[in-house]
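Heads up: the structure comes next, in structure tokens.
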Amino acid sequence: MSGSTWGSPRDEVRELVDDALRLARSEVRMVKAEGMEAGRRGALGAGLMAGAALFAVLVLVCLLGAAAAAIGGALGMPWLGWLCAGFLALVIAGALAGAGYRVVRRAISEGKRVGSTLKEDLEWVRELPRHSANGS
Numbered sequence: 002m003s004g005s006t007w008g009s010p011r012d013e014v015r016e017l018v019d020d021a022l023r024l025a026r027s028e029v030r031m032v033k034a035e036g037m038e039a040g041r042r043g044a045l046g047a048g049l050m051a052g053a054a055l056f057a058v059l060v061l062v063c064l065l066g067a068a069a070a071a072i073g074g075a076l077g078m079p080w081l082g083w084l085c086a087g088f089l090a091l092v093i094a095g096a097l098a099g100a101g102y103r104v105v106r107r108a109i110s111e112g113k114r115v116g117s118t119l120k121e122d123l124e125w126v127r128e129l130p131r132h133s134a135n136g137s
């Protein structure tokens with residue numbers, strides 16, 4: 002096969018390893034981009050939780066004062082009105098915290114998934130030169 006376009010087996014293996022390395026680098030770039038996107042979504046979720054908490058505090062200050070005064074005035078015991086209003090605030094805070102926790106937990110699990118994919122890809126890339134040196 003003197004007129005063949007095929008190179009030596011060693012050249013073919015080297016070209017195959019080079020292609021695999023290019024593919025691995027592209028995969029690493031893609032996983033890195035996915036990780037950045039997961040981080041952005043996590044930051045967005047945390048920002049939304051902070052904004053919700055700020056507005057919840059402002060609204061609760063107004064509502065709790067009004068509710069405590071109304072309940073306490075109706076019962077003739079102002080302290081009981083404040084106790085009821087405080088309990089309502091606690092329930093609302095729990096609901097907001099639960100929603101925020103779910104958003105952050107989802108972002109963290111996605112980040113871990115992306116990290117494990119990146120780790121697997123990097124280990125595969127590290128093994129390529131060893132396989133090409135062994136001729137396999």
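Just so you know, this note's numbering puts 61 at position 60 of the sequence shown, and the rest follows in order with no gaps. Beta carbons: idealized from backbone N, C-alpha and C, even for Gly.
Just checking my contact of LEU129 with ALA21 at CB under 8 Å: how many whole Å lie between their CB atoms? Reading the sequence shown from its first residue, position 128 is the one you call residue 129. Reading the sequence shown from its first residue, position 20 is the one you call residue 21. Right, their Cβ atoms sit about 6 Å apart.
So, with DSSP's three-state summary, where would you put MET78? Here residue 78 refers to the residue found at position 77 of the sequence shown. Three-state result, MET78: coil.
Straight-line gap, ALA1 to MET31 (C-alpha atoms, nearest Å): Given a span of 2 to 137 for the chain in the structure shown, any question on residue 1 remains unanswerable.
Tell whether a beta-carbon distance below 8 Å holds between GLY138 and VAL105. Lying before the first or after the last residue shown, residue 138 is absent from the chain, which here runs from 2 to 137.
Have a look at VAL18 and LYS113 and give me their C-alpha separation to the nearest angstrom. Here residue 18 refers to the residue found at position 17 when the sequence shown is read from its first residue. Here residue 113 refers to the residue found at position 112 when the sequence shown is read from its first residue. One C-alpha to the other measures close to 29 Å.
Measure the Cβ-Cβ separation of GLY29 and LEU123 and say whether it is below 8 Å. By 1-based counting over the sequence shown, the position of residue 29 is 28. By 1-based counting over the sequence shown, the position of residue 123 is 122. According to the sequence as given, residue 29 is Val; it is not Gly. For VAL29 and LEU123, yes; Cβs fall inside 8 Å.
Would you say ALA90 and GLY82 are within 8 Å of each other, going by their C-beta atoms? Looking up residue 90 in the sequence shown gives position 89. Looking up residue 82 in the sequence shown gives position 81. Their beta carbons are not under 8 Å apart, which means ALA90 does not touch GLY82 by this criterion.
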